[in-house]
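K.L.:
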Amino acid sequence: MSILIKILMLSVPTLISQVSFAAPVDFSGNWKTPDAVSDFFPETSPDSIPFYSCRLECQIAQQNRVLQLKLLSVECEAPDGLIFQNSIPALNLKIAEDGAIYDETGWVGRLKGSAITLEYVDGYDGVHYMYFELSKTGGLELDWKYQGSVSGSFHVSHGKDPLTRIGVSPGCFAKTPH
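Residue numbers (this note's numbering): 139 to 316.
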């Protein structure tokens, strides 16, 4: 009887540690707007430009609790042909067991269920607020707001359809698609 109790005592902590180290939802892939039209919400000021035909692109690599946001970019066009572009540099992130997300400077966001929220302070004058969520259909819902103190602000989201995963299988952590 005591042998059985010892076996159970040894296996329960092992089981608990395996559960707590489970990999989070897989966000890996090259994501793009399928309809090439995202929703763009310009800052509300008299000289705001109404952009349209927005395209969002996002490249994410993930392996267990390491997340690389390799690319996040938006490109829109105004009625007069003016092009608006914005992107953030690559971010190397780590997801803690409690869902907190860190880069080399400290806390930047949180993973909760199938959603990630990030706050990235750029090197210029503003803060990027990003929300990523895997939809039930397998797409990536993306909402990106930028609050700039000098250069203005913008808000863009995935539009009527989530971004679709193109060219990289889930779980891929390679530098090139496979």
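Where a beta carbon is used, it is the ideal one built from N, C-alpha and C, also for glycine.
(1) Cα separation between Y240 and K208?
(2) Can you give me the C-alpha to C-alpha distance between Y190 and D218, rounded to a whole angstrom?
(3) For the pair the segment 294–306 and the segment 274–283, tell me if three or more CB-CB distances fall below 8 Å.
(4) I need the DSSP call for A161, collapsed to helix, strand or coil.
(5) Let me check understanding here. Comparing Cα to Cα, which of A234, I221, K232 and Y258 lies closest to W282?
(6) Which residue marks the beginning of the beta strand (DSSP E) containing E271, and which one marks its end?
(7) Can you find the residues in the same chain that come closer than 6 Å, C-beta to C-beta, to E195, ignoring five residues on each side of it along the sequence?
(8) Report all residues from its chain with a CB closer than 7 Å to the CB of W245; omit the five preceding and five following residues, and keep chain order.
P.N.:
Once the coordinates are examined:
(1) Here residue 240 refers to the residue found at position 102 of the sequence shown. Here residue 208 refers to the residue found at position 70 of the sequence shown. Distance between the alpha carbons of Y240 and K208 is about 15 Å.
(2) Position 52 of the sequence shown, counted from the start, is the residue given in the question as residue 190. Position 80 of the sequence shown, counted from the start, is the residue given in the question as residue 218. Approximately 11 Å, taken between the alpha carbons.
(3) yes
(4) As a first step, residue 161 is located in the sequence shown; it is residue number 23 there, counting from the start. Per-residue confidence for A161 stands at a pLDDT of 47, beneath the threshold of 50, marking its modelled position as unreliable; the derived number appears in the next sentence. In this structure, A161 counts as coil in the three-state DSSP scheme.
(5) For the purposes of this step, residue 282 is taken as the residue at position 144 of the sequence shown. With distances taken between Cα atoms, W282 lies closest to Y258.
(6) In the sequence shown, counting from the first residue as 1, residue 271 sits at position 133. Run containing E271: G264 to L272, per the beta strand (DSSP E) assignment.
(7) For the purposes of this step, residue 195 is taken as residue 57 along the sequence shown, with counting starting at 1. Only K170 and S211 meet the Cβ criterion.
(8) Counting from one through the sequence shown, the residue named residue 245 turns up at place 107. For W245, where only same-chain residues beyond five positions count, the Cβ hits under 7 Å are A238.
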